[in-house]
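Residue numbers (our numbering): 15 to 311.
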């Protein structure tokens with residue numbers, strides 16, 4: 015044991031003696047790449063497994079170094095490489111979503127100035143969505159409204175009925191009226207228009223809803239989360255069991271929103287160029303609330 019510690023310190027001293035500016039740059043670049051990789055996978059299922067795998071590998075490496083176990087060492091050397099190759103295959107969807115998020119951050123600019131007419135039209139659209147959500151909530155009519163941001167939702171719109179109609183509370187109420195032809199699917203809103211209704215959206219496979227002690231979260235909530243995981247869209251969902259209004263973004267969900275809070279959140283997402291101090295506080299609240307919901311379930 016003493017010899018092992020001595021050899022370890024000797025190796026560390028040898029590395030420091032050979033350290034130069036090129037080595038420092040090399041270590042810095044490796045650190046940046048690893049940090050970016052971990053940042054992409056933050057708050058995903060793969061991070062939980064990754065922590066367990068790293069801990070297990072370190073523990074096995076320590077055991078095989080301190081104790082002479084030839085058969086066990088052979089088993090570890092055989093299994094660990096296969097395990098490392100299996101992780102990207104098992105968690106391919108999470109890795110893909112992380113890379114898509116990186117691509118969106120690198121190629122798009124969120125703070126885009128809008129003309130006065132565009133701003134007024136956006137405010138009317140958001141007000142119509144909020145008004146409809148409040149009325150649907152009061153009547154306990156289920157609804158799923160997907161609002162496009164940067165990622166195109168054209169492929170999802172093709173799964174439903176094309177509408178290309180103006181966004182009004184009355185039309186949204188009619189679409190989500192129980193037992194009507196379009197009420198089961200999602201409504202997709204893009205460019206201040208209702209593009210399509212009865213659309214089929216991807217379901218979340220993250221397991222967040224199944225871990226919740228509450229049972230009011232059904233397929234609409236799973237579709238809301240799944241859409242927010244696959245795209246950067248904002249999804250508004252109304253529960254038909256409780257009338258509760260929720261909003262999902264980036265794989266997280268805030269529940270039990272009132273009309274004022276829902277409208278402020280939507281304005282903060284879709285009109286970022288005109289954010290004031292109170293809206294910045296709101297965005298901080300949204301971020302903390304989303305992270306808290308993710309960790310608490």
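Note that the Cβ used here is the ideal one computed from N, Cα and C, for glycine as well.
- Measuring CA to CA, which of 70, 261 and 53 is closest to residue 159? Here residue 159 corresponds to residue number 145 of the chain shown, with the count starting at 1. Nearest C-alpha to residue 159: 261.
- Element boundaries [beta strand (DSSP E), containing residue 248]: Against the chain shown, residue 248 aligns to sequence position 234. Element bounds for residue 248: 248-252.
- Let me know if residue 23 comes out buried or exposed under the rule of 16 or more other beta-carbons within 10 Å of its beta-carbon. Locating residue 23 in the chain shown gives position 9, where the first residue counts as 1. Burial call: exposed.
- Task: Can you grab the Cα-Cα spacing for the pair residue 235 / residue 161, in whole Å?
- Result: Translated into the one-based positions of the chain shown, residue 235 becomes position 221. Translated into the one-based positions of the chain shown, residue 161 becomes position 147. Looking at the two C-alpha atoms, the distance is approximately 15 angstroms.
- Query: From residue 124 to residue 101, what does the alpha carbon distance come to, in whole angstroms?
  - Reply: Your numbering for residue 124 matches position 110 in the chain shown. Your numbering for residue 101 matches position 87 in the chain shown. With a pLDDT of 39 at residue 124, under the threshold of 50, the modelled position of this residue cannot be trusted; read the value that follows with caution. If you take the alpha carbons of residue 124 and residue 101, they lie about 33 angstroms apart.
- Going straight from the alpha carbon of residue 219 to that of residue 243, what length do you get? Numbered from its first residue, the chain shown carries residue 219 at position 205. Numbered from its first residue, the chain shown carries residue 243 at position 229. C-alpha separation (whole angstroms): 9 angstroms.
- Report the rounded CA-to-CA distance for residue 284 versus residue 134, giving the unit in angstroms. Reading the chain shown from its first residue, position 270 is the one you call residue 284. Reading the chain shown from its first residue, position 120 is the one you call residue 134. Approximately 12 angstroms between the Cα atoms of the pair.
- Outcome for residue 294 when other beta-carbon atoms lying within 10 angstroms are tallied against a minimum of 16: Taking the first residue of the chain shown as position 1, residue 294 is located at position 280. At residue 294, the pLDDT of 48 sits below 50, so the modelled position is not reliable; the number obtained from the coordinates is stated separately. Classification for residue 294: exposed.
- Query: I think residue 156 touches residue 190, with their Cβ atoms under 8 angstroms apart; what is that distance to the nearest whole Å?
  - Reply: Counting from one through the chain shown, the residue named residue 156 turns up at place 142. Counting from one through the chain shown, the residue named residue 190 turns up at place 176. The Cβ separation is near 7 angstroms, so the contact holds.
- Message: Run through the DSSP bridge pairs and tell me what residue 207 is partnered with.
- Response: As a first step, residue 207 is located in the chain shown; it is residue number 193 there, counting from the start. Residue 207 is bridged to 180 and 204.
- Inter-residue Cα distance where the pair is residue 266 and residue 86: Counting from 1 along the chain shown, the entry for residue 266 is found at position 252. Counting from 1 along the chain shown, the entry for residue 86 is found at position 72. Approximately 42 angstroms, taken between the alpha carbons.
- Cβ neighbour criterion (16 or more within 10 Å) applied to residue 139: Working through the chain shown from its first residue, we reach residue 139 at position 125. It counts as buried.
- Residue closest to residue 273, alpha-carbon to alpha-carbon, out of 180, 245 and 148: Taking the first residue of the chain shown as 1, we reach residue 273 at position 259. Ranking the options by Cα distance to residue 273, first place goes to 148.
- Using only alpha-carbon positions, find the residue among 67, 256, 278 and 270 that is nearest to residue 153. Position 139 of the chain shown, counted from the first residue, corresponds to residue 153. Among 67, 256, 278 and 270, the Cα nearest to that of residue 153 belongs to 256.
- Would you kindly work out how many angstroms separate the C-alpha atoms of residue 72 and residue 97, rounded to a whole number? The residue labelled residue 72 in the question sits at position 58 within the chain shown. The residue labelled residue 97 in the question sits at position 83 within the chain shown. Approximately 14 angstroms, taken between the alpha carbons.
- Mapping DSSP to helix, strand and coil, what is residue 157? Looking up residue 157 in the chain shown gives position 143. Looking at residue 157 - three-state DSSP - the assignment turns out to be strand.
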